[in-house]
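Notes follow the structure.
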Amino acid sequence: MNSVKVEIPIHLQFVEFVEKAFDLLDTEAQQKVRQFVIGQQHPGGAFVDRGGTPDLYYSLFGFWLASALKMKDQLMLLQKYTSARSVDEERNLINKFALVLIRQGLSGKKKLPPTFFRFFLKRDYQVNFSYQLFLFLLVFDARYGRKSWLYFVARVVLGMYRLPIGAPCSMLAALLVARHEVGLKTVKLQKRIMAYFDEANGFKAFEQMDSGDMLSTGVALFALQKTGFDIRLLAPACLGMIQDNFVEGAFLSGDGDPTRDLEYTFYGLLALGSIAGQENRE
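Taking our numbering, the leading residue of the sequence shown gets 10, the next gets one more, and so forth.
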């Protein structure tokens, strides 16, 4: 009997990669990561931003980390917090998408609010469009997967899309994953994203920058590994950066900022998990 391949939403694939990275850490480092994640959760259930304020955007990273680390108490507390919030009442678009992703991840249900598509089409939100598009694609993928007619529409749209000049590395990474998911060719885009690679310090946000950062390195390695690119030759530079920016259970941004937070801790583990995923694939 042929086994049925279960499609895992992209944002939950993040969790798998973070889990692989966590398993590579020694016992002391694992304990420090757990303590850091616990310390970043507000008593009300949300995870906090850099200023210690409950925040839905940071709660999304907290959800991914707590899921990978199998922290049931933290997830239950987060579920209590998110169940009391309304997607329609969130004024910030990124918060809307974050809330939808957290709820879908916690419940496993794929139902979207009736106003979901209107969220994306409205243009009065003051957010970076590439990141807005990225979160939209994560939510869309979690809800619809590879349903035939939507798959066809996505192929057409992505096939015609042209990246703007000077696009950040994270945008190329998102597009690379999206093209792979709908069966479009990715070789040319893989080569383009390699222009952001710094042999001394991982991936840079923009080509003209001097050094890499944790966000760009995490998303680039994930996208390249997922689309079949052999990242073994990139590992030494990226592992050096990852190691240099691991401080007391958390990862720094990699650009000199000494602040520890959930977002960069997620990207650091995503980067490490992507390298581990490459090794496991051999």
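For each residue, glycine too, the CB sits at the ideal point set by N, CA and C.
Quantities reported herein were computed from a predicted structural model and do not represent experimental measurements.
What did DSSP end up calling residue i once you bin it into helix, strand or coil?
i      : result
Phe206 : strand
Val256 : strand
Phe56  : strand
Gly277 : helix
Phe238 : coil
Gly221 : coil
Pro245 : helix
Gly265 : coil
Gly227 : helix
Gly211 : strand
Lys79  : coil
Ile103 : helix
Ala176 : coil
Pro123 : With a pLDDT of 49 at Pro123, under the threshold of 50, the modelled position of this residue cannot be trusted, and the question is left open.
Arg164 : helix
Ile17  : coil
Glu37  : helix
Leu32  : Residue identity differs from the one stated: residue 32 is Asp in this sequence, not Leu. DSSP places Asp32 in helix when its eight states are reduced to three.
Ala93  : coil
Glu272 : helix
Output needed for residue i: all residues of its chain with C-beta closer than 6 angstroms, excluding positions within five of it in sequence on either side, in chain order.
i      : result
Gly227 : Tyr276, Leu279 and Ala280
Ala259 : Phe45, Arg269 and Thr274
Ala55  : Pro63, Ser68 and Tyr90
Phe143 : Ala183
Leu86  : Gly54
Grab me the residues of residue i's own chain with a C-beta within less than 8 angstroms of its C-beta, minus the 5 sequence neighbours each way, in chain order.
i      : result
Phe215 : Gly175, Pro177, Cys178 and Tyr205
Gln287 : Gln234, Asp239, Ile240, Arg241 and Ala244
Asp133 : Only weak support exists for where Asp133 lies, its pLDDT of 44 falling under 50; the value from the coordinates is given anyway. Once the five neighbours on either side are set aside, Asp133 has no close Cβ partner at all.
On the DSSP bridge list, what partners appear for residue i?
i      : result
Ser113 : According to the sequence shown, residue 113 is Gln rather than Ser. Paired residues: none, contrary to the question.
Gln50  : Phe56
Gly192 : The partner list for Gly192 (beta bridge, DSSP) is empty, contrary to what the question assumes.
Pro63  : Val57
For residue i, collect the residues of the same chain with a Cβ closer than 7 angstroms to its Cβ; drop the 5 residues on either side in sequence, then sort them by chain order.
i      : result
Gln217 : none
Asn254 : Met223, Phe260, Leu261, Gly263 and Gly277
Arg59  : Thr268 and Asp270
Gly221 : Asp207, Asn210, Gly211, Phe212, Lys213, Met250 and Gly263
Lys29  : Gly282, Ala285 and Gly286
Val96  : Lys105, Leu108, Val109 and Pro122
Am I right that residue i and residue j are in contact with their C-beta atoms under 8 angstroms? What's the rounded C-beta distance?
i      : j      : result
Ile284 : Leu230 : 7 angstroms
Met250 : Gly263 : 6 angstroms
Val42  : Gln49  : The pair is not a contact, with the Cβ atoms about 11 angstroms apart (cut-off 8 angstroms).
Leu110 : Val148 : 6 angstroms
Ile47  : Asp150 : No, Ile47 and Asp150 are not in contact; Cβ-Cβ is about 30 angstroms, not under 8 angstroms.
Gly168 : Leu146 : No, Gly168 and Leu146 are not in contact; Cβ-Cβ is about 15 angstroms, not under 8 angstroms.
Arg164 : Val196 : Rounded, the Cβ-Cβ distance is 17 angstroms, inconsistent with contact.
Measuring only between beta-carbons, confirm whether residue i sits less than 8 angstroms from chain D.
i      : result
Phe145 : No chain D appears in the structure shown, which is made up of a single protein chain.
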